[in-house]
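K.L.:
I'd like to ask you about the structure that follows.
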Amino acid sequence: MILAFWSDKGGTGKSTLATTTAKALGLPIVDLDPQGDAARWCKRAGHACTTLSNESWETVKDILSRLATEAADVVVDCPPGHDPRSLSGAALARLAVLVAGDGDSDLVALGRGLEYLKRLKGAGNPGLAVAVALNKVNPHTILGRQAVEGLRRAAGEKGYRFLGAVGNRVSIRQSFGLGVSAIATGGAGAHEMRGVVGAIRDILSSEVQQ
Ligand SMILES: Nc1ncnc2c1ncn2[C@@H]1O[C@H](COP(=O)(O)OP(=O)(O)OP(=O)(O)O)[C@@H](O)[C@H]1O
Ligand SMILES: [Mg+2]
Numbered sequence: 119m120i121l122a123f124w125s126d127k128g129g130t131g132k133s134t135l136a137t138t139t140a141k142a143l144g145l146p147i148v149d150l151d152p153q154g155d156a157a158r159w160c161k162r163a164g165h166a167c168t169t170l171s172n173e174s175w176e177t178v179k180d181i182l183s184r185l186a187t188e189a190a191d192v193v194v195d196c197p198p199g200h201d202p203r204s205l206s207g208a209a210l211a212r213l214a215v216l217v218a219g220d221g222d223s224d225l226v227a228l229g230r231g232l233e234y235l236k237r238l239k240g241a242g243n244p245g246l247a248v249a250v251a252l253n254k255v256n257p258h259t260i261l262g263r264q265a266v267e268g269l270r271r272a273a274g275e276k277g278y279r280f281l282g283a284v285g286n287r288v289s290i291r292q293s294f295g296l297g298v299s300a301i302a303t304g305g306a307g308a309h310e311m312r313g314v315v316g317a318i319r320d321i322l323s324s325e326v327q328q
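Using the numbering used here, the first residue of the sequence shown is number 119, and each one after it goes up by one.
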């Protein structure tokens, strides 16, 4: 089954959260993004990774369809955007994690992203669970606080689970470049990441029990 990390906007932290989650939950990664950020992290970290960015669209669809029906979970790191290729991981996922910052354009993109995922649910993936994580958020600013509180409040009504917020942390930026887990670095960033990954783990285990 597929656990997809996706956002309509670039640079929000999809690959960072995807690799951190994959490492913490012991799951292999499929990198759909031609930028190959997750694949480079995996190479440095010695983590299992399949790169599909050079494959034809038909091959990508075939492989993702197979992964979606297998019992074992796999983390899929999607490229940004809402074209069919970018959304293909989420289109077949059991859980799609949307990653967003707290800026105005981030939150607008997040709203668009939630709409696209709602459409995917209505177009062949009714079981899709949707979750939102805030990343690179400063909780001491008004914007950061409003984003966290607003997203937490709207979760039930909008049909997503709120996973929590991760700050803009030097340790997290470094861990990605060095090929280690953001959780392994210790400090506040690791604590926040652990919270987000723990919430993902809870969703995955509750979905399995249903
Ligand atoms: N919480 C964080 N604190 C500090 N830096 C971060 C954090 N999360 C991600 N970054 C950094 O921000 C940059 C973008 O992160 P990342 O590549 O994970 O985003 P992305 O959404 O996958 O980007 P793209 O849309 O290009 O695929 C990277 O340099 C990464 O190290
Ligand atoms: Mg990425």
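Just so you know, even glycine gets a beta-carbon here, dropped at the ideal spot from N, CA and C.
Using only the heavy atoms of ligand 1, determine whether one of them is closer than 7 Å to the beta carbon of SER206.
P.N.:
No, the beta carbon of SER206 sits no closer than 7 Å to any heavy atom of ligand 1.
K.L.:
Quick check on the DSSP output: what are the complete alpha helix (DSSP H) runs of length 4 or more inside the segment 253-291, in order along the chain?
P.N.:
Those alpha helix (DSSP H) runs which fall completely within the segment 253-291 and span 4+ residues are 260-276.
K.L.:
Within 10 Å of its beta-carbon, does TRP260 have 16 or more other beta-carbons around it, so buried, or fewer, so exposed?
P.N.:
Reading the sequence as shown, one finds Ile at residue 260 and not Trp. Flag for ILE260 reads exposed.
K.L.:
Which one of GLY313, LEU135, SER323 and SER324 has the shortest CA to CA distance from GLY219?
P.N.:
Comparing Cα-Cα distances from GLY219 to each of GLY313, LEU135, SER323 and SER324, the minimum goes to LEU135.
K.L.:
Taking C-alpha atoms, which residue in ILE321, ASN172, LEU145 and GLY316 lies nearest to GLN115?
P.N.:
This structure leaves residue 115 out entirely; the chain is present only between 119 and 328.
K.L.:
If you count every other CB in all the chains shown that lies within 10 Å of the CB of THR130, and 16 or more means buried, which is it?
P.N.:
Classification of THR130: buried, given that the 10 Å Cβ count is 16 or more.
K.L.:
Between SER223 and ligand 1, is the CB less than 7 Å from at least one heavy atom?
P.N.:
No, since every heavy atom of ligand 1 falls outside the 7 Å radius drawn around the Cβ of SER223.
K.L.:
Comparing alpha-carbon positions, which option in LEU235, SER174, LYS127 and ALA189 lies nearest ALA64?
P.N.:
Given that the chain is displayed from residue 119 to residue 328, the structure contains no residue 64 and the question cannot be resolved.
K.L.:
In the DSSP assignment, find the unbroken beta strand (DSSP E) run with VAL192 in it and report its ends.
P.N.:
It spans 192-195 - the beta strand (DSSP E) in which VAL192 sits, taken as one unbroken run.
K.L.:
Alpha carbon to alpha carbon, what distance is there between LEU296 and ARG203?
P.N.:
If you take the alpha carbons of ARG203 and LEU296, they lie about 28 Å apart.
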